[in-house]
Amino acid sequence: MASKADWQDPYVNVFKLFRVGEWKKSSKEGDVSTYMDKTLNCSVFRIKGSVPTESYVRLPNSDSRSLGLTGRYMYLLFKPIQGKSFLILLDVVAEDDRVVRISLSNTFKEFKSTPTSLHFPFLCESDKDSVIKTKATSKREAPVCLQARWTCLMLDLQGMLSTYLNHLYYSHLKSIKLCSYMCVKNIFTSDLQLSPAVSHHNVKPIGLASSAASGPMPRDMVFPVPKGRSWHDFYDYVRFPVEGQHSNIEKDNDKNGAGSTPCPTEKEGSSAESSMPELVEIVTQQEASPNQLPSTPPCDTDDGGVHVFVHQEEEDLSKRDTEEECVESPFQHPVCVSFSEDTKEQKLLPDPILRLRRIIGFGGATTKCALWTKSGDAVVYPCHAIVVSMKINSNEQRFFIGHTDKVSALAFNGNSTMLASAQTGNYCVVRIWNYLKGNCLVMFRMHTQSVTSLSFSYSGGTLCGVGKDSHSKTLVVVWKTVNVDSGGAVSILAKTKTDVDIKTMKIAKFDDTRLVSCGRDNIRLWRVRNGILRSCPINLTDYKSLDFTDVAFEEGDSPDQHLEDRTLFASSQSGHIFEIDYTRVVIRNVRWLFPVQQQEKLAFNKCHGIAINSISVSSSFCATGSEDGYLRLWPLDFSGVYLEAEHEGPVSVVSISSDSMQVLATTSTGNLGFLDVTSRGYSTLMRSHTDTVLGFSVDGIHRHLTTASSDGTVRIWSMDSLHQLYDFVSEDRPCSVAFHPSQQIFSCGFSSGIVRVFDISCGKLMAEHNHHRGDVVGLAFAPNGNSMYSAGSEGSLTRYNSSVKDNRVIRVVGGVVARGTGRAPDALTVSSDSRCLAFVGPSEYTVTLADALSLEESLRVDVSILDAESNFLDSALKVCFSSASPEHLLVATSSNKILWVNTKTGCLLRQVSKVHKHWCSSLAVSEDRRFLVTAGHNAVKVWDYNMRLHMNSQMFIGHSQPINQVSFTPGQLGVVSVGDAIFLWDFLAHPVDLLLAHCLPSRSSSAASSAVGEVQACNGMPRQSAPLPFSPPPPLDVSATDTQEIEREVTATGSNPSCNPKPATSFLKITELSDITNLSTSHQDLPGKKLLRPDCYRHFIPRFNDSTLDEAAMTPQPAEAGMKLKAVIGYNGNGRGNMVWSPGQGLFAYSCGGVVVVEYLNSGCQRHFQGHSEEISCLAVSNDAKLLASAASKCNGRSLICIWDIQSGACLNTISYHRAAVQSLAFSKDDCFFLSVGDFSDPVVALWSSKTFQMLSGVTVSGPIHDAAFSPSEAAQLACVGSQSIYFGFIHSSGQDVDLKVMTARAPAEVGNVEMTAVCYHNNSLLFTATNRGHLCVWDIKTQSCFMTWEADEGEIGILLCRGNRLLTGSNTHWLRLWEVEAVQDMTPQVKAFSSRDSGKSVVLKREIMLDGTTVSAAFDNTMDMGIVGTTAGTLWYIDWLNNSSVRLVSGHKNKVNDLAFHPDESHFATCSEDGSLRVWSFPGNELVVQFQVLNQSCSCVCWSSSSSKQRMSVAAGYSDGTLRIFRLSTAEMERKLQPHHVAVTAVQYSANGDVIISGGKNGLIAVSSAMDGTTIRVFRDHKGAAISTIQCVNEQCKDFGVVGNELWLAASVDRRVSVWAADWFKYKCSLLDWLTLPAPPYCQDDSPPPSLACFCPTDPSLVIYTAYGVEKELSFYSLSKKRVIKKIALPHWATCFSLSSKSQMIALGSKERVLKLIKWTSGRFQDFVQHSDSLQTCRFSPSGTLLFSVAHNEILLWAVQGL
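If you use my numbering, the sequence shown corresponds to residues 1 to 1764, in order.
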């Protein structure tokens, strides 16, 4: 079988290929001549002769040779000579190497067939106005038309063989013989169906022609048509056979005969003699009906046409009568299925069904092509065979499709209206495009093996190309392209061959006839004159041996500038820059460029210059790209570098935009980016793999794509932004990858047989297994996420437990998978119900289905015997389960078939043949089981899954290399294909039969896309088991809004806070703190024994807090505040019910410390309600979402309940009634009543009016109450649960008097002595309660009795929610479960079901999912499809029960935050916590980028490196085990681990130049470590015995202090001592500059003394500001030059943290009294801020001084600083 060569796409001009006329590769015999045809206006061949076998044209000229043309369609442009006969002979080779002779003639009287021949009669009809006449009177003589016209005959060679030779498959065309009489213009072959009537003036070719005869003919094949006339008025078009049924030709279903007997034609009646197929010439008119065309029965080999993905068209299908269609089946005879107009679609819709949206990739043949547009808003670059235009602001891509091989050169004209591109390979094609419209203007060949350079003149009238011919000679061609944009042709101006090496060649901007080139050993000036291209070399004198890489003219010159002023620049690999006088052709200057770090070594002449790869010159500066990876900007005199940017690899190309504001750069490692000269910021536009992409996997929840490549990397991409998120590099070659279905975990198999599992959240390796030999050819997770499977190339199969962190191995089976690597990367497939596993094996001829848990074989199918009629021994290549039905297994075979196999019986259900030109490399089924996508060679096909259409598939091209894997994205919204690059396609057919839900409104526009993907990422089927919690959290989006002014009102029942306005600005002074007295309470203590704390987590217990709020704090008015609260990061997992969500209004609120965060998810707007000074325990929202209630812990003797107006953000009222914490809040159904419940020490149920918030009634119960709820149907009913009891409440109203009656019922004896922990209503007659032992009880409200219980959890259930017949439970076992309780309402209290067996018949566990902590709050929509859940881990989860998925919405630290640090460029900040986690956040989005977790250790301090490069950005953290860990942000991996201490590290800081890391330990030792290799350089013992609390480093020349050094650093220890040092780390010098000691009396308190804090003044490093425990509370300003304290500021409290702003003379200072103080240290003016609910331990100004972070316990607040 002939292999398909790329040069045959999109068509082959046969006469041109075989040079018909020269008769070297073709031959003629008899009377064959040429003449000028007046109709076509061109020279054609005339074949005359009375004996057809003696006058003919034959291609090729010998029987031993073959044409080897694989195109499915052959187009013959000929004209029968009037009154004469003709004969066409075709030798076609089938797949079984059988040669079939196809003969067509108007002398044939009937159809004949044998196994090796087909004879078709050709009947000619006249045009529409003529009458058919015949010379013969016998029925057996064929009619001959009286008129003959030029005809386009299209023969479907595949259709002819499959229809008339029992489904024989076409391979290639061997020979053609055209015999007299006829006139012939040309022959061409193609895989595309093209229409000769489509004009190029109406349809410009967009890449290749489109499908279904809708595209134009090639230009050299068209027939001319006079203006204003129709093509059909002059010519005929014959297609044979065509789709659809026709009476003339219809295949018989007899499978025994070699041929087939068609039905009789209408013209010749039903006579058996004339009932043969006839090739009828049809006059095709535009108004002709499709039913007039001859056709063949549809076959499943129909490609459906080749679709170019930029093509869009709509087709109006003609109405057709009921017809029958033959579908291949395993039965003895084809099954005939009847379709009517209402039930049968004629082709796959929509057309096209795919649209290319984005491509991830750059380069291919070269990385030296990238262009700016004239406007500078877009860049153009090649990606293998596609030219891509990308907007730099939006990353929007446009595609120029048409090349069949990799693009090797690009060029723009001056105004970027025309784009030229050239491809590499033997078939070198140059295309010129209209850049604005995106269409191809002209295409022509350059007879070289490769094109290395293209250059357009500024006017666009001249194009120059450079390449190598077959003899490695350099070929230079200059074309004239003046009229291309108006439809003109391209002509050659000049052409020459030379031995001179040319790397680049450019046309001068000022003259279209002048060119300049450079290469090894030469720089040459060229000129075109009188059709001759001549050159003149530059005399290089002593520089003849240099390798020149690029040339550039100085930009900014006007076109009319005198020639003598032109300056030419040339760069070389040695680092020399040549300035050349263009007029005199002499060198003006030669400069040798060196890296900055080597310039001081020039005197020794031991250094090499910068190896420059590219140069670009503007009117003000020059840009160079070099082999060392640097993009450098130089002045035009090259006196020094004033800006440089380092890249990951050698810089291939640099290009300055037309406005000189941006510099484009590409690297040999596949990166594309640009440098903004003004802001000095660098933006990466595209990263790409540098070798073939082997496989991929999609995370539909987070919209991440992971790919494995032959370049040795595994990369993770964002499917929305195309940005590379992570890059994992290994010495082993990755072979296959797979994402976990629910967690941010992926696995990767390598060529060494190792399987590694990575956690993206912390960028670390979770597990590594080595149970395979050879390549890992398959990786797959079960859809339920509980198991992972891997297959090795040596036959082994392994199952892992993916529900545990180490992914431990469960079973390894050997010799079950077929050997070899050809089935990678997707050799395994798992059914949608996670019960069955399928793979090819043990041999290549069998497919095995195994139990997914035990790996025991359940069925084996031998695919080699499924097709009994096949002459080949078929083997299986790929397997794939049908998404919606596990009973269908699809198998791709080596004979290019796809088999549908029943997984229960092994029976063959259906098969499709001739799927691709080559074997199918990958296949996947859509989630709704309506579509099938396959990949073969360079094409992607989308099929109708049921194969019942007239045209079952559409084909899409674009890849230049074989496709390795293709699949639908989760949700069926797109298709991904990988090979040479990563193609992301939009799937335009809407999915059906999927369980879709109304999405939770997104937190941002980008989250909206994710939400849609998450809802549609599952097929709606319930999982067999619940997934583990997801990790890491998604980026946290905290919107920054100004806090609105809050108005407070004094309530009658609570304490009266002072309403006196406080001054906006105060001055510091020492004040005596007054004693705090307890206010009187409104109710008496309960008699008897004091209540004990209940044994259940559901009861709120405030976090231990020994700090007290300073009531004398001077807080400013909101409008006069010096800083505003900008964002709150985190969620308080210690609260209970402290999150509310109103789906209808889009309201989302939660608490963090004493702040209520209110967020509208529809808009992403976030506000902060600030009125509490203590930790908020619970929240409640009214049913109309207008009021929000929040309750805080004990304050001034009572808890405080604030009532907020959500719209305005104002505090409408405050309530201070409960003596201790508030356990629960609730609004009644009609929002008339408001309920508050006290904790165990004050078990009071208080009922309030929601209008006036006056207390209506109060009831004190005998034990603690854990939960309370109003009835959803009756506003006057409520229920509470507590210790062993449930309380039924009924509200009785009589006028203005309201009374709350409570009835008590004990817990049923069946559950024992328990705590009733949660309550919720089912309807107006039933309610549910939960216990601390996992029981659920069903109560009848009327009888107040429990009639049913069951054990729903192993631990305590603290959350109950009921919506309709769905019940939600959350417990301290981390399980969240959804129950179906519909049958409960049909039961009666008389029929009790207390056993689990009885209850199991009534309630059904529908879904369950495990979270990262105990559930403490939950809110769901009315259908219980989606909701939000809070856990004790400080996480808010979005739960989607339809997809059984969970996504983190808000995440914070669970434990105390020890330190926080801003990166110097303010792009990121880092936080570390006592739980050992280090989190890096992006700024200003406050999104979590990565989390590094160290188990069983506390992370005590953190600092950033000084590098501003994103690739070199790293963070160092100190831990309690004495280690320093350095993490690289770009790779999300730990770069180095140091052990400079044996005790806990308490402070760490990079030196000012970043060369060393200074760390202090708990024992007072200070270690200096090398940042390069981690070695400990020096240890200082001056502070030994006292823990180091502060280390800081600054740049400062130390000459003024009398010591040597370029850096100052200080260290402060808890013994109130500060040491200041001068250092020069490059010279390993460090000396003590000063020593400060603060005197202090003995500290007699029970807690630890205040820390010792010190820092340099940002504006004057000679000033040291420090504070510590001493005689007075004060800040001291110490002058290093004067050696004394020059200033002091008195403080009201001991400082626990402080930070200085670099923008102004501002100091932020935190204290144990929860006060964050902002001080103007020049004047002493200050303001106090008391938003924290605990003592402050950290505050940090941003490097710019405009932002401030403050931290108290795990509360992180971000402030926008405005100043005092």
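Cβ atoms here follow ideal geometry from the backbone N, Cα and C, with glycine treated the same way.
- Put simply, the backbone Cα of Leu89 is about 17 Å away from that of Ser50.
- Per DSSP, Thr163 is one residue of the alpha helix (DSSP H) stretching across 157-164.
- At a Cβ-Cβ threshold of 8 Å, Val1222 and Val1245 do not count as neighbours.
- Minimum Cα-Cα distance from Ser843 among the listed residues Ala1552, Leu873, Pro825 corresponds to Leu873.
- The DSSP-derived three-state label of Glu1274 is coil.
- Residue pairing of Arg1525 in beta bridges, as defined by DSSP: Ala1517, Lys1537.
- Taking a C-beta distance under 8 Å as the contact criterion, Phe728 and Phe758 qualify as a contact pair.
- Restricting attention to beta strand (DSSP E) runs no shorter than 3 residues, the segment 523-552 encloses them at 532-537, ordered along the chain.
- The alpha carbon of Ser517 has as its nearest neighbour, out of Ser486, Asn434, Thr452, the alpha carbon of Thr452.
- DSSP places Leu633 inside the beta strand (DSSP E), whose first and last residues are 630-635.
- In this structure Val804 is exposed. Its beta-carbon is surrounded by fewer than 16 other beta-carbon atoms within 10 angstroms.
- Looking at the DSSP output, Lys497 shares a beta bridge with Leu475.
- Just so you know, the alpha carbons of Val1311 and Thr1304 end up roughly 17 Å apart.
- Each residue's CA atom was taken as its position, placing Asn896 and His916 some 7 Å apart.
- Each of Gly460, Ser457, Ser421 was checked against the Cα of Met446, and the nearest Cα belongs to Ser421.
- Proximity of the segment 1453-1467 to the segment 1146-1157 falls short of the contact definition, fewer than three beta-carbon pairs being nearer than 8 Å.
- Note on the segment 732-757: there is no whole alpha helix (DSSP H) run with a minimum of 4 residues.
- In the same chain as Thr417, and ignoring 5 residues on each side of it, the C-beta atoms closer than 8 Å to its own belong to Asn434, Tyr435, Leu436, Gly460, Asp485, in chain order.
- By a beta-carbon distance limit of 8 Å, His1322 contacts Gln1385. Their separation comes to about 7 Å.
- Of the candidates Ile401, Gln346, Met1123, Leu568, Met1123 places its Cα closest to the Cα of Leu1716.
- Following the DSSP letters along the chain, one finds Lys16 inside the alpha helix (DSSP H) bounded by residues 14-17.
- Taking the Cβ atoms as the reference, His172 lies roughly 5 Å from Val93, within the contact range of under 8 Å.
- Taking C-beta separations shorter than 6 Å and ignoring five residues to either side along the sequence, the partners of Val1237 in its chain run Gln1223, Ser1224, Val1245, Ile1265, Ala1268, following chain order.
- Contact between Leu194 and Met160 does not hold, since their C-beta atoms are separated by about 18 Å, which reaches or exceeds 8 Å.
- In the three-state reduction of the DSSP assignment, Ser709 falls in the strand class.
- Under the criterion of beta carbons closer than 8 Å, Phe400 and Gly438 qualify as touching, at roughly 6 Å.
- Your pair Arg1725 and Leu1764 checks out as a contact, with CB atoms roughly 5 Å apart and the cut at 8 Å.
- For Arg358, same chain residues with a beta-carbon under 7 Å away, outside a window of 5 residues either side, are Gln397, Leu722, Leu984 in chain order.
- Residue burial is scored here from C-beta neighbours: Trp1635 has fewer than 16 other C-beta atoms within 10 angstroms and is therefore classed as exposed.
- Counting other Cβ atoms within 10 Å of its Cβ, Trp7 stays below 16 and is therefore classed as exposed.
- The residue from Met1410, Glu1380, Pro226, Gln954 with its alpha-carbon nearest to that of Asn784 is Met1410.
- Cβ-Cβ distances below 6 Å link Ala708 to Leu694, Gly695, Val714, Pro734, Val737 in the same chain, with the five nearest sequence neighbours on each side left out; the list follows chain order.
- Thr116 carries a coil assignment under DSSP once its states are collapsed to helix, strand and coil.
- For the pair Leu354 and Leu837, the CB atoms are not nearer than the 8 Å cut-off.
- Remark: C-beta atoms of Gly1561 and Gly1585 do not approach each other more closely than 8 Å.
- Under the DSSP assignment, Val99 falls in the beta strand (DSSP E) whose first and last residues are 99-105.
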